[in-house]
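Protein chains in written order, with numbering that gives the first Met the number 0: chain A, 0 to 322; chain B, 0 to 322; chain C, 0 to 322; chain D, 0 to 322; chain E, 0 to 322; chain F, 0 to 322.
Number of protein chains: 6
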Amino acid sequence: MTAKEILYTPIPSAEIPRYAGLSTFMRLPHLPPNEAMNVDIGLIGVPWDGGTTNRPGARHGPRQVRELSSLMRNYHPALKLSPYKLANCLDLGDTPVNPLSIEETLHLIETFYHDVVGRRIAPLSVGGDHLISLPILRALAHRHGSLGMVQFDAHTDTWDTYFGDYKYSHGTPFRRAIEEGVLDPKRTVQIGIRGGVYDEHDGDWGLEQGIRVITIEEYNDLGPDAVAAEARRIVGHQPTYVTFDVDALDPVYTPGTGTPEIGGLNTFDCQKMLRALRGLNLIGGDVVEVSPPFDPSGNTALVGATMMFEILCILAEALSQNQ
Amino acid sequence: MTAKEILYTPIPSAEIPRYAGLSTFMRLPHLPPNEAMNVDIGLIGVPWDGGTTNRPGARHGPRQVRELSSLMRNYHPALKLSPYKLANCLDLGDTPVNPLSIEETLHLIETFYHDVVGRRIAPLSVGGDHLISLPILRALAHRHGSLGMVQFDAHTDTWDTYFGDYKYSHGTPFRRAIEEGVLDPKRTVQIGIRGGVYDEHDGDWGLEQGIRVITIEEYNDLGPDAVAAEARRIVGHQPTYVTFDVDALDPVYTPGTGTPEIGGLNTFDCQKMLRALRGLNLIGGDVVEVSPPFDPSGNTALVGATMMFEILCILAEALSQNQ
Amino acid sequence: MTAKEILYTPIPSAEIPRYAGLSTFMRLPHLPPNEAMNVDIGLIGVPWDGGTTNRPGARHGPRQVRELSSLMRNYHPALKLSPYKLANCLDLGDTPVNPLSIEETLHLIETFYHDVVGRRIAPLSVGGDHLISLPILRALAHRHGSLGMVQFDAHTDTWDTYFGDYKYSHGTPFRRAIEEGVLDPKRTVQIGIRGGVYDEHDGDWGLEQGIRVITIEEYNDLGPDAVAAEARRIVGHQPTYVTFDVDALDPVYTPGTGTPEIGGLNTFDCQKMLRALRGLNLIGGDVVEVSPPFDPSGNTALVGATMMFEILCILAEALSQNQ
Amino acid sequence: MTAKEILYTPIPSAEIPRYAGLSTFMRLPHLPPNEAMNVDIGLIGVPWDGGTTNRPGARHGPRQVRELSSLMRNYHPALKLSPYKLANCLDLGDTPVNPLSIEETLHLIETFYHDVVGRRIAPLSVGGDHLISLPILRALAHRHGSLGMVQFDAHTDTWDTYFGDYKYSHGTPFRRAIEEGVLDPKRTVQIGIRGGVYDEHDGDWGLEQGIRVITIEEYNDLGPDAVAAEARRIVGHQPTYVTFDVDALDPVYTPGTGTPEIGGLNTFDCQKMLRALRGLNLIGGDVVEVSPPFDPSGNTALVGATMMFEILCILAEALSQNQ
Amino acid sequence: MTAKEILYTPIPSAEIPRYAGLSTFMRLPHLPPNEAMNVDIGLIGVPWDGGTTNRPGARHGPRQVRELSSLMRNYHPALKLSPYKLANCLDLGDTPVNPLSIEETLHLIETFYHDVVGRRIAPLSVGGDHLISLPILRALAHRHGSLGMVQFDAHTDTWDTYFGDYKYSHGTPFRRAIEEGVLDPKRTVQIGIRGGVYDEHDGDWGLEQGIRVITIEEYNDLGPDAVAAEARRIVGHQPTYVTFDVDALDPVYTPGTGTPEIGGLNTFDCQKMLRALRGLNLIGGDVVEVSPPFDPSGNTALVGATMMFEILCILAEALSQNQ
Amino acid sequence: MTAKEILYTPIPSAEIPRYAGLSTFMRLPHLPPNEAMNVDIGLIGVPWDGGTTNRPGARHGPRQVRELSSLMRNYHPALKLSPYKLANCLDLGDTPVNPLSIEETLHLIETFYHDVVGRRIAPLSVGGDHLISLPILRALAHRHGSLGMVQFDAHTDTWDTYFGDYKYSHGTPFRRAIEEGVLDPKRTVQIGIRGGVYDEHDGDWGLEQGIRVITIEEYNDLGPDAVAAEARRIVGHQPTYVTFDVDALDPVYTPGTGTPEIGGLNTFDCQKMLRALRGLNLIGGDVVEVSPPFDPSGNTALVGATMMFEILCILAEALSQNQ
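#1: Any chance the CB of D:E102 is under 7 angstroms from a heavy atom of the ligand COA?
#2: Cα separation between E:D285 and B:V188?
#3: Can you tell me whether DSSP reads A:M0 as helix, strand or coil?
#4: Establish whether the CB of C:A19 and some CB of chain B are separated by less than 8 angstroms.
#5: Leaving out the 5 sequence neighbours to the left and right, which residues in its chain are closer than 6 angstroms to C:Y197 when beta-carbon positions are compared?
#6: Short check: CB of B:Y112 to CB of B:P82, under 8 angstroms?
#7: Tell me the rounded alpha-carbon separation between C:P238 and C:G278.
#8: Counting only C-beta atoms, is F:S296 closer than 8 angstroms to chain E at any point?
#9: Under 8 angstroms, CB to CB, which of the residues in the stretch 106-136 of chain F have a partner in chain A?
#10: Taking 8 angstroms as the limit between beta carbons, can you name the residues of its chain near C:P254, skipping five residues before and five after?
#11: Quick check: what's the CA-CA separation for E:D220 versus E:G263?
#12: Would you report the Cα separation of B:P98 and D:I108, rounded to the nearest angstrom?
#13: Spatial neighbours of F:G126 within its chain, please: CB distance less than 6 angstroms, with the 5 preceding and 5 following residues excluded, ordered by chain position.
#14: Enumerated in chain order, which unbroken segments of the beta strand (DSSP E) with a length of 3 residues or greater are wholly contained in the stretch 61-113 of chain A?
#15: Report yes or no: is there a C-beta of chain F within less than 8 angstroms of the C-beta of D:P292?
#16: Can you tell me which of the three DSSP states D:I5 falls into?
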């Protein structure tokens with residue numbers, strides 16, 4: 000075993016039980032970004048839910064996803080790869096946050112990711128509410144230019160304002176990102192959209208920008224294979240981000256979330272779609288809206304950890320192919 | 000905004016957060032029937048589980064469904080309508096009940112609904128165990144004549160007696176309703192029937208009356224579209240009631256219920272089937288058997304509230320078309 | 000029964016079961032302040048936890064306290080009084096809040112209470128995190144002058160800043176209130192203070208202002224009778240507020256709270272101390288930090304509702320004596 | 000080991016783990032009354048909550064108390080006795096009940112206990128709601144004459160009617176028992192009474208009959224030793240029943256109950272008081288109002304099982320001394 | 000009703016409510032093997048989880064499955080049979096176990112099953128972790144020769160060693176069984192295999208032995224009908240065992256298990272596949288890995304109990320046809 | 000700030016929220032023993048419950064205690080000290096364990112502690128079941144000679160064997176330790192002993208060795224101050240270990256434990272007694288039997304973390320005085 004493998008490999012669960020030792024993402028070693036060397040993928044927590052408009056708690060997401068990620072193993076038999084053979088992976092810890100200030104926290108997160116991206120580390124993050132994707136996208140777009148995005152979600156998160164003229168909440172990140180040019184709406188696809196909306200013109204803005212919105216009804220007509228193919232078509236070969244809001248799934252899979260909508264996706268089909276994104280020019284991803292207080296059993300976090308592992312596999316492969 | 004819209008419109012959740020304010024169905028205003036004017040649809044709770052033969056708790060259903068219905072929004076993007084634009088909707092509160100007397104409670108409920116129906120209000124109710132449907136059907140049949148019914152359920156609820164010769168329980172309402180002539184068995188369809196039964200002749204009576212029973216096995220062979228078409232064929236164009244027992248769903252969706260049966264329906268397909276009932280001559284509906292003590296998470300009630308919203312949409316449309 | 004009694008009396012639970020009907024505080028009628036007439040005590044929810052530094056969720060407190068307050072009855076046999084015979088009581092609903100802005104919410108709450116106090120209504124509130132006491136105190140001091148206060152709490156909540164120089168959090172309300180002159184530190188007593196602190200000078204500021212801090216150690220040495228007597232001595236005969244943070248209690252009584260500290264007060268002794276405050280010049284009170292996501296059983300809210308009833312009784316008596 | 004010891008002794012937990020085997024009370028053998036020979040004490044479940052006015056679920060009590068009673072051991076070190084050395088003990092199973100009829104169930108229970116008492120078996124029962132004590136008392140009084148009673152409870156359960164003129168609920172059993180002469184009010188003591196009541200004359204009837212009511216306030220002034228002495232004085236040397244409503248305890252000990260009242264007794268003091276009843280002329284007892292749906296953890300049932308063991312010890316001793 | 004029907008028939012739930020009486024499997028009578036006469040199928044608990052490598056708790060499985068099996072009824076309408084008409088069924092209790100010794104427990108279990116099988120009783124067991132299948136297979140193979148097996152599982156359980164060279168854990172039973180010749184790998188089919196594995200050669204051994212491994216990906220491509228047909232083809236007409244690890248199902252159905260893997264089977268399709276095994280030469284079966292501490296709601300045990308009933312039906316039919 | 004303070008000081012919670020970052024004991028830095036320099040006190044997890052005779056789960060204790068210890072702060076206002084000013088403290092991670100072997104695990108743990116103790120690090124450990132104390136005591140006695148011990152516990156844990164002649168379980172560690180001479184029974188005091196026992200001679204062995212057993216009855220007569228004085232008298236001035244089994248507390252404080260006994264200690268009095276042990280010659284301690292699956296709320300772990308902090312304070316002071 001080489002030094003590199005020692006450093007960037009999960010603790011083996013057939014030697015040290017999964018319930019033993021400190022909780023890190025995937026049982027990987029932990030170092031802060033400035034101490035980490037030759038890292039390809041950084042697994043990062045963003046413990047913050049200041050953008051939440053209804054049920055809070057996603058600030059506790061990173062900790063519980065770390066704990067449940069101890070159930071993951073190293074080799075993905077369906078993709079036939081181990082991400083740890085393809086990329087140096089590390090738990091980079093949590094970003095700084097301020098629970099008392101949206102503005103400062105957006106700044107703190109963005110600064111953290113500028114540093115990470117500047118070190119040529121591809122970020123794979125766990126929220127936190129969906130507003131955390133905005134500063135991450137800003138940092139990535141700073142390096143890669145306007146990004147494509149595959150978004151699994153029950154909601155478009157392209158509303159304009161809440162509670163008067165408040166522009167930063169977990170219902171608005173992608174409107175802001177498009178306005179700022181960090182997200183390319185014509186290379187953005189949203190999968191699983193459903194639930195009641197505020198009024199009949201609710202989704203107009205996003206569609207006008209050119210976002211490809213695949214509602215749950217269209218999704219169920221097309222099936223996961225065709226939807227994944229459509230997603231590939233939309234984002235094309237340019238740099239693409241994957242954002243996975245766990246409320247895309249039916250709440251039986253992820254009850255621990257702030258804005259559950261029944262009638263959602265199932266886990267296997269999401270795994271299938273994520274795997275179908277292999278070969279794209281992926282430059283980062285996140286899993287958001289895991290809210291442990293609403294699911295003390297940890298099942299939501301188990302789903303989150305597994306989706307994180309799925310994204311880790313396709314991201315590691317993409318990075319290894321694009322080197 | 001007109002006076003009418005002010006009165007019959009939910010509190011807007013982008014102005015007042017969903018967790019704020021008193022819990023009413025759909026965040027609608029609340030008035031008792033005798034104070035409500037020009038109401039088209041009355042949302043009503045029936046907090047009673049005196050007909051329960053195993054696990055009680057459905058008496059707490061209306062309160063938790065009210066709470067979770069705060070997650071609903073106004074516009075249904077798949078049906079492309081807002082019920083509040085089509086009908087004046089109001090929370091009429093709970094019926095009187097007596098936890099110490101089945102007989103008196105059946106009388107109290109029936110009297111309440113005679114009043115509601117007499118005011119030309121279409122009732123959309125939340126139980127309570129399934130026995131509550133009997134007095135509601137009586138009041139509706141008094142005005143509309145013998146009714147058709149689409150029943151989502153794991154059980155036929157057409158048994159004769161329990162524990163000796165007791166005729167009123169949540170396993171018997173539709174036998175009583177057919178015997179009394181308030182329900183037309185030839186215009187009754189039951190969807191999702193499954194689970195072990197007492198003996199091989201268990202379902203004979205219902206079939207002999209002409210009820211169309213679609214077991215889970217037949218359902219899975221046909222699929223939701225064909226089943227909904229069959230349901231439309233059975234009930235035809237005459238007055239029809241929709242009753243949704245949450246145990247029709249697999250218990251992963253609705254663990255908080257008294258008689259769970261595994262291997263059940265999923266939420267999306269139920270939403271699809273409910274939507275496919277649009278255009279029928281609907282005159283009322285209910286959601287029953289939400290038992291909060293068996294699901295403190297509230298997910299069962301969230302499903303119940305969403306199904307209630309689905310029925311509200313097709314009921315409002317039906318009423319607006321039939322005026 | 001007179002018109003007044005009809006309006007301001009809880010729904011009788013021996014006629015309508017406690018689980019039936021909409022949830023209001025104590026099953027009282029609900030009207031917004033501007034529609035309420037001749038109200039003496041307004042029961043008010045403040046659904047907001049934007050000042051929380053660790054575990055959020057107190058925004059959901061008012062709803063669950065309303066639900067559990069349905070277990071309260073009308074007559075207090077130990078105090079030998081019914082608050083509803085002494086004062087006109089009403090559920091005034093929730094204040095407006097903005098989950099995305101601390102500043103705006105503090106303004107919204109304060110404005111609401113200026114209106115309430117201006118109508119000569121004594122407020123009895125349910126939070127929300129402890130920061131909500133600050134705008135309430137401002138409104139009350141505007142009318143009554145600098146206030147005395149009896150505070151049940153595990154923490155002094157007189158820290159200066161958090162996360163840099165942020166001055167408004169649930170750890171700072173009473174420092175702000177003293178700085179602003181709305182709270183008189185020499186007439187302030189804090190009961191139940193305990194738990195580790197940041198450093199050895201942590202409590203200096205409060206003591207220098209003259210606050211009477213009764214730690215849990217001193218409390219256990221003195222006993223509840225002597226502590227209540229000391230509290231009466233400190234606040235004297237001038238206008239006094241009662242604030243009850245449920246984390247004053249041991250977390251076995253109130254696990255659903257954001258900052259639990261073990262080794263706390265028990266419920267009976269708190270009831271005893273609250274009752275011993277009868278006869279003081281009470282002008283309002285609150286119960287804060289009930290966080291339902293951390294206690295889905297509702298026991299924390301049951302404790303909150305009962306403490307609210309205890310305060311209601313002594314407040315109603317005080318108002319009736321001071322008229 | 001003799002045949003008798005084999006038959007009436009719990010399965011030893013140092014040989015067969017406590018989680019193994021079927022659940023019976025105390026891991027005792029189970030036989031129905033008509034198959035049991037030479038039984039001194041019968042442990043009996045009464046799975047019924049038809050008298051419940053608020054939160055149901057006590058029908059599930061016997062099953063969960065059986066499960067948690069597997070944590071009990073054989074020898075009581077404080078009383079220095081093993082009940083199984085003093086009396087032949089057996090699990091007699093559950094009484095028949097009818098969840099659809101209060102009248103029939105009261106008859107079924109009473110008939111069962113007439114049979115048990117006729118066989119000279121002293122009954123130790125687990126409810127079920129408190130109404131189950133009424134038919135048990137009837138059967139015992141039929142043999143022993145008007146009974147004395149030590150009642151641990153938050154409520155007197157001597158109300159007259161509910162929901163109109165309904166006379167049989169869990170709030171009325173002891174009024175009925177006194178009216179019928181099966182309970183002697185002058186030899187009845189109620190310990191732990193507290194909580195709000197309906198009006199100021201609420202408790203008058205019981206006091207007029209001569210019941211000794213020890214409120215929680217008086218209890219806390221006297222302490223458990225003096226209260227137990229007072230209880231002994233009241234019931235004297237004649238046949239006495241012990242009824243333990245788990246809501247006598249503070250709800251932190253027994254959250255799984257239908258009508259929790261904060262500020263209650265603690266478990267150790269209840270154990271102490273029960274032990275202080277040794278030597279009385281005890282002829283039976285019960286533990287009631289364990290409602291598992293409101294405490295899935297089983298802690299309430301653990302308390303119930305332990306109190307059942309405490310009563311078993313003093314009952315076995317009393318029977319062995321009175322033979 | 001004949002004597003035989005009295006002895007081997009579940010307590011009827013329309014006469015005695017499902018929540019009443021002691022918990023036995025399917026509400027059947029209970030006798031230990033040496034007291035049971037003419038038994039065809041023995042329902043047996045194996046309360047042991049000493050082979051668990053991560054989350055323990057399956058030792059509590061038999062007790063909770065017994066409790067939830069009270070929800071089962073007698074007649075299977077899809078299979079059109081009642082197992083109790085076809086075979087004498089009895090709850091034989093739990094096997095002896097030793098939580099402090101793997102070796103002794105394997106010996107205790109095997110001895111118990113040699114006795115059961117020697118009495119010509121077909122065993123239907125509930126675990127416990129999956130290691131319990133090994134001693135059961137040994138006893139059955141002793142009589143029937145090398146066995147075929149249909150295994151529903153997320154994991155192959157054919158690993159060699161854990162934590163050094165430890166050969167007996169719940170990840171190794173079928174490797175041991177194949178090595179010992181009690182299981183015929185060429186007549187073994189594994190359905191639902193998924194999740195990450197330790198490395199790329201992880202599954203090689205089993206495939207080399209000739210096990211037919213149907214991964215979740217292949218399963219979803221083929222569908223349950225084709226998979227069941229394939230399973231029938233593999234096991235053929237010789238003696239066959241059915242083992243159902245509840246982690247084969249998606250964790251939304253069975254969260255109470257030690258090693259959950261998302262993206263799994265659903266309950267209805269498993270029921271369908273089990274039913275499709277009718278007519279095979281079945282000689283026993285088990286349901287394993289129900290871990291109640293990780294699902295206090297009991298839903299996992301409800302699924303376990305229902306799968307047990309499905310296997311009971313096809314096993315009873317198989318035995319009646321092969322007599 | 001010096002280098003030392005940077006290394007051995009918890010992350011400040013007024014700068015980085017308590018829910019952020021990886022979970023370590025007290026938010027201290029983590030290093031394995033061989034990388035740690037100049038450490039005075041090592042905080043260590045022992046994730047193992049192989050000695051458990053009833054309800055397992057304590058293997059998950061260290062992880063949840065780490066998580067909840069994030070609620071601790073630095074300065075102890077009652078003791079007027081900060082342990083981090085008196086001693087270099089570090090999270091040393093978890094010991095190796097083997098869930099499949101009691102013998103190997105006892106060896107692995109003992110080896111780990113020999114290394115720790117050899118580095119002059121005083122260990123403060125979190126279990127794990129109570130058997131883990133045995134190998135820790137062995138390692139400590141190897142350096143310090145036969146030890147005194149203050150044990151908070153519901154059970155004496157001095158039984159001889161279980162399930163035949165098995166000598167190593169969580170009911171036997173202190174019998175083994177006394178037999179081996181690593182524990183001095185005449186300097187051992189057990190506080191809080193209660194609950195039923197197997198037979199009347201159950202406690203004889205321990206008393207014969209000279210252990211001072213303070214039952215809960217004696218404890219309640221003496222009070223915590225006198226008991227602590229007695230404990231000091233027993234252990235004297237020689238090296239002493241503190242072991243805190245969370246089942247010493249009443250299960251309302253610590254429901255998440257394997258063998259709960261009602262009627263136990265309360266948290267404040269335990270804190271008081273621990274503080275009263277200051278000045279003794281303390282050389283290590285542990286907190287055991289926290290079983291998270293039986294308390295998903297985390298309250299048990301919060302109690303465990305706080306008791307760990309109390310012991311940390313008196314241990315740090317003792318070490319600083321004895322240097």
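Every residue gets a Cβ at the ideal spot worked out from N, C-alpha and C, and that includes glycine. Because the structure is a prediction, the values reported are computed rather than measured.
The short version:
#1: Questions concerning the ligand COA fall outside what the structure shown contains, since it holds no ligand whatsoever.
#2: When the Cα atoms are used, E:D285 and B:V188 turn out to be separated by approximately 37 angstroms.
#3: Any reading at A:M0 must be qualified, since the residue scores a pLDDT of 37, below 50, and its modelled position is unreliable; no value is offered.
#4: Nearest CB-CB separation between C:A19 and chain B: below the 8 angstroms threshold.
#5: Residues of the same chain with a CB within less than 6 angstroms of the CB of C:Y197, apart from the 5 flanking positions on each side, do not exist.
#6: No, the pair does not count as a contact, with Cβ atoms beyond the cut-off.
#7: About 11 angstroms.
#8: Under the 8 angstroms criterion on CB atoms, F:S296 is classed as non-interfacial with respect to chain E.
#9: Interface annotation for the stretch 106-136 of chain F against chain A: empty, criterion Cβ-Cβ distance under 8 angstroms.
#10: Excluding residues within five positions, the ones whose Cβ falls inside 8 angstroms are F293, D294, N298, T299.
#11: Approximately 13 angstroms, taken between the alpha carbons.
#12: Cα to Cα, the separation comes out at about 20 angstroms.
#13: Closer than 6 angstroms at the Cβ level, and outside the excluded window around F:G126, lie V45, A57, G60, V287.
#14: Counting only runs of at least 3 residues, the stretch 61-113 of chain A fully encloses the following beta strand (DSSP E) elements, listed from N- to C-terminal order: 88-93.
#15: No, its Cβ sits nowhere closer than 8 angstroms to a Cβ of chain F.
#16: Here D:I5 scores only 48 on pLDDT, less than 50, and its place in the model is too uncertain to base an answer on.
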